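Position 225, counted from 1, in the sequence shown is what this note's numbering calls 333; the numbers after and before it change by one each time, with no gaps. Below: one structure, written as structure tokens.
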Amino acid sequence: MEIPFLSTKNAININPKIPNMKYKIVFFIRNFFLIFMLGLCFYLTQPLPSNSVVYIPKGSVGQIITHLKQNHYELSAVDKYILFLLGHPQSGWINIGTKPLNRAEFLHKLTISKAALQTLTLIPGETSVVFLEFAAQKLGLNKEKLLAEFKKQAPYEEGVFYPETYKIPKGITEDLLIQILLSYAHNQHKKTAEKIFGEYNPKKWHQYIITASVIQKEAASEEEMPVVASVIYNRLKMGMKLQMDGTLNYGIYSHTKITPQRIREDNSPYNTYKFEGLPKEAVCNVSLAAIRAAIFPQKTNYLYFMRDKKTKKHIFTTNLNDHNKVIKAQR
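Take a look at the structure:
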């Protein structure tokens, strides 16, 4: 008996469910893609709170996303791939602006909006209030708000900033400026303390800053600082009042000439003519040279010093009689 040949056409028709399965697969992929795109659009249009300026370190997109997450930006792995499509973020300060942005706008800003920078210099020996008043004027910030943020964020009333020339982005906010300055100072002090002591004890370190602030106000040069430090420690050891004009150049009086009347009328803890020991708080912001002098004072027997009008340096003496002779000669 002859078996009839089955053609290809006849074979396909044997299982009519195959076209339906292909259709279902295409339908599923199309709907999945549509849902994915709708979800992505919804994700990108959600608001993303941000500072007016953002700092972006050098590195890969993944490292940048990690940095932003560490700084409290709610980003995810999805944003990493979006940034790959938009372009690599610029390093340095990015001007985000004050207008609220959604996630897509924020990520796009990271790739195109480099912030203009301004220099801001803090000199050693300057008080925080005078420095912040200057910063507010130069950067166009609200002075009262800036000082309020300082009181809110600073661990101590004085001596918490690091003298340096900073590059500050235009458009920075008061709270972010204080945060940046305090963070930079903390890192510098921590690094130096660990190098000297092998550890960083913030309270112990601040006590050295208090001593260093008196040295900073009194010394005529960095070379004199260890000698001035020795006078401070010698007088403290003997129970003598420091009686140093520089301690009265605190706060708003940073550049005020100290007069006998001022010494009589000032009843603050900074008046070392009236009160024994060091001031309870730092007088100013200090250099690392002043801190090192406070930690490593020169060994001397000096108890007094007087500025020489000609050389602008100090003449150091070990007793009151010699000190009075120097005063007489200078006058």
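For glycine and all other residues, C-beta sits at the position ideal for the given N, C-alpha and C. Computed from a predicted structure; not experimentally measured.
State the DSSP-derived secondary structure class of residue i, mapped to helix, strand or coil.
i      : result
VAL394 : coil
GLN369 : helix
HIS180 : coil
ILE276 : strand
THR227 : strand
THR364 : coil
THR426 : coil
LYS421 : coil
LYS349 : coil
PRO197 : coil
LYS388 : coil
PRO155 : strand
THR235 : coil
GLN438 : helix
ASP374 : coil
LYS433 : helix
PHE440 : The shown model of the chain, from 109 to 439, leaves out residue 440, and the question about it has no answer.
PHE192 : helix
ASN128 : helix
TYR502 : The displayed coordinates of the chain run from 109 to 439. Any statement about residue 502 would go beyond what the structure contains.
Tell me the residue span of the beta strand (DSSP E) that contains residue i.
i      : result
TYR412 : 412-415
ILE360 : Here ILE360 belongs to no beta strand (DSSP E), and DSSP marks it neither H nor E.
ILE164 : 161-164
ASN203 : 200-203
Between residue i and the rest of its own chain, which residues show a CB-CB distance below 8 Å, the 5 nearest in sequence each way excluded?
i      : result
GLY347 : GLU384
TYR410 : VAL335, SER338, VAL339, ASN342, PHE424, THR425 and THR426
If you drop the 5 nearest sequence neighbours on each side, which residues of the same chain put their C-beta closer than 6 Å to that of residue i?
i      : result
TYR412 : THR425 and HIS431
GLY279 : SER160, VAL161 and ASN203
GLN406 : PRO334, VAL335 and SER338
GLN296 : TYR270
ALA262 : VAL268
Please check the pair residue i and residue j, which I expect to be a contact at CB under 8 Å, by giving their CB distance rounded to whole angstroms.
i      : j      : result
ALA223 : VAL268 : 25 Å between Cβ atoms; not a contact.
VAL391 : ASN357 : 7 Å
GLU326 : ALA397 : With a Cβ gap of about 13 Å, GLU326 and ALA397 do not count as contacting.
ILE276 : GLN226 : 5 Å
GLU234 : ASN393 : 6 Å
Go through its chain and collect everything with a Cβ distance to residue i's Cβ below 7 Å, but skip five positions before and after it.
i      : result
ALA402 : TYR316, THR319, ALA320, ILE323 and ALA337
GLY446 : Shown here, the chain extends from 109 to 439; a query on residue 446 therefore has no answer.
LYS417 : GLN438
Can you give me the start and stop residues for the alpha helix (DSSP H) that residue i sits inside?
i      : result
LEU218 : 211-220
GLU326 : 310-326
Taking the runs of the alpha helix (DSSP H) that are 4 residues or longer, which of them lie wholly in the region 238-305?
-> 251-261 and 282-305
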